[in-house]
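*Asks:* In this text, residue positions in the sequence shown follow our numbering: the first is 184, and each later residue adds one. All residues carry an ideal CB built from backbone N, CA and C; glycine is no exception. Since this is a predicted model, take the numbers as computed values, not measurements. Take this structure, written in structure tokens, and hold onto it; I'll ask about it next.
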Amino acid sequence: MTAVEAEGAARPALARPPMVVMGVQGTGKTTIGSALAARLDVTFIDSDDLHPPANKAKMAAGNPLDDEDRVPWLKVIGATIAANAAEGRVTIVACSALKRWYRELLRSSVPELRFIHLSGQRDLVASRLATRQHEFMPTTLLDSQFEVLEPLAPWEAGVVVPVAGTPAEIVDAIVAYLEKAEPSEA
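Written out as structure tokens, the structure reads:
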């Protein structure tokens with residue numbers, strides 16, 4: 184038995200897999216993730232809260248994060264999801280997870296991790312951003328996020344959900360996906 188298999192064997196069975204609600208800024212990751220977690224009665228974490236101060240300062244200054252900035256943050260997110268799973272808690276995390284290898288890094292901590300990719304056209308997302316304030320993520324970084332984004336691929340565990348509807352409609356669509364994917368567990 185490998186170390187990963189032993190860790191998985193020691194972990195309690197979860198009612199459903201942990202999830203990352205992903206996408207560029209302004210797609211509603213926090214709004215949808217927290218509403219979905221409330222609906223499913225599971226733990227919600229906003230990964231923005233896990234950024235180190237240096238990352239927050241860099242973004243607040245209008246500079247996009249690079250891979251070197253993101254890797255330690257992604258490792259903390261993966262470790263947090265894994266720790267919750269080890270305690271038998273399902274976790275939903277709002278996290279951009281823009282690149283495929285970022286998602287693989289997260290999945291290396293929690294192999295059963297699913298991704299909910301909130302997807303929207305740039306104009307729609309920009310119009311949403313125009314109506315909100317964010318502590319350290321200026322709207323000027325939207326284009327850099329779209330440039331880096333690698334959409335969820337068909338072979339990745341998860342689903343792409345359009346964000347054109349209301350938050351309730353988006354959560355309903357995610358729950359419908361979960362019921363279809365795990366009919367006995369939804």
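With DSSP as the reference, label residue 279 as helix, strand or coil.
*Replies:* Here residue 279 corresponds to residue number 96 of the sequence shown, with the count starting at 1. Coil.
*Asks:* Measure the CB-CB distance between residue 257 and residue 289 and report whether it falls below 8 Å.
*Replies:* Taking the sequence shown and counting its residues from 1, one reaches residue 257 at position 74. Taking the sequence shown and counting its residues from 1, one reaches residue 289 at position 106. Between residue 257 and residue 289, the gap from beta carbon to beta carbon is short of 8 Å.
*Asks:* Taking only three categories from DSSP, how would you classify residue 249?
*Replies:* The residue you call residue 249 lines up with position 66 of the sequence shown. Coil.
*Asks:* Whose C-beta lies closer than 7 Å to the C-beta of residue 227 among residues of the same chain, with five residues either side of it excluded?
*Replies:* As a first step, residue 227 is located in the sequence shown; it is residue number 44 there, counting from the start. Excluding positions up to five away in sequence, the list reads 216, 217, 220, 275.
*Asks:* Just verifying my parser: in three-state terms, what is the DSSP assignment at residue 207?
*Replies:* Start at 1 with the first residue of the sequence shown, and residue 207 comes out as number 24. Residue state, collapsed to three classes: coil.
*Asks:* Can you tell me where the beta strand (DSSP E) with residue 345 in it begins and where it stops?
*Replies:* Within the sequence shown, residue 345 is the residue found at index 162, counting from 1. Element bounds for residue 345: 341–345.
*Asks:* Spatial neighbours of residue 203 within its chain, please: C-beta separation below 6 Å, excluding the five flanking residues on both sides.
*Replies:* Reading the sequence shown from its first residue, position 20 is the one you call residue 203. Only 276, 278, 280, 298 meet the Cβ criterion.
*Asks:* What do you reckon, are the CB atoms on residue 300 and residue 344 nearer than 8 Å?
*Replies:* Residue numbering aside, residue 300 sits at position 117 when the sequence shown is read from its first letter. Residue numbering aside, residue 344 sits at position 161 when the sequence shown is read from its first letter. Less than 8 Å divides the Cβ of residue 300 from the Cβ of residue 344.
*Asks:* Determine the direct distance from the alpha carbon of residue 263 to that of residue 309, and round the result to whole angstroms.
*Replies:* The residue labelled residue 309 in the question sits at position 126 within the sequence shown. The residue labelled residue 263 in the question sits at position 80 within the sequence shown. Roughly 31 Å between the two C-alpha positions.
*Asks:* Assuming residue 326 is part of the alpha helix (DSSP H), what are its boundary residues?
*Replies:* In the sequence shown, counting from the first residue as 1, residue 326 sits at position 143. Looking at the DSSP string, the run of the alpha helix (DSSP H) that includes residue 326 is 325–331.
*Asks:* So, at 8 Å on beta carbons, what are the nonlocal neighbours of residue 291 in its own chain, with the 5 sequence-adjacent residues on each side left out?
*Replies:* For this step, residue 291 is matched to residue 108 along the sequence shown. Taken in chain order, the residues that qualify are 261.
*Asks:* Could you tell me if residue 305 is buried or exposed, where buried requires 16 or more neighbouring beta carbons within 10 angstroms of its beta carbon?
*Replies:* Here residue 305 refers to the residue found at position 122 of the sequence shown. Exposed, since its Cβ has fewer than 16 Cβ neighbours within 10 Å.
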